[in-house]
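In numbering that gives the first Met the number 0, the protein residues as written are 0 to 148.
Quick reminder that beta carbons are idealized off the backbone N, C-alpha and C, glycines included.
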Amino acid sequence: MKKLLLIFSLLVFACSGSDNNIDDPILGSWIGVQFQGSIDEIVSTFYFDQNGTFSYSKQFINDPGSSQQINVDFICEGDWLNNSQNVSSDVSLSSTTQYYLFTFNTCDGEGENFYPTLGINDEIIMLEFDNNFQEFRSVVGEDILFVKQ
């Protein structure tokens, strides 16, 4: 009986952790494709690092089925911050709705005049993740499903 009580106590202790041990769901590489298979196909890639920086690339692919495929690319770098606790005290890192502040510091390449996919610079953007945190959509801006790589 003492062993059973000890095991139960350990399980309760192990499961009673807080969000402090949960990684931010946005960490890692994400790819989103707009107009897949059309002559206007666009591939957007984000990489969010644990140190609060990100890189973003957008690739415009003209006539993807043609032998004269043309890629027009640009790359941005910047900083990100999960601002969920400042927006709502009910939001934790385990919530499927998260609020982020993105600051685009540099953008280079052809097509750099296009706004980034998630929204305009230095705005708090709400992202909706799926239940497994393997996909997300931005609630504002272009409607693109990003999939974790």
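Classified as exposed, I38 has fewer than 16 neighbouring CB atoms from the shown chains inside 10 Å of its CB. Bounds of the beta strand (DSSP E) holding N104 are T96 to G108.
For V86, the uninterrupted alpha helix (DSSP H) segment begins and ends at S83 to V86. Per DSSP, S93 is not a residue of any beta strand (DSSP E), being assigned neither H nor E. No Cβ-Cβ contact shorter than 9 Å links I25 with L144. Counted as a single uninterrupted DSSP element, the stretch harbouring Q148 is not any beta strand (DSSP E), since DSSP gives it neither H nor E.
Looking at the DSSP output, L80 bridges to L100.
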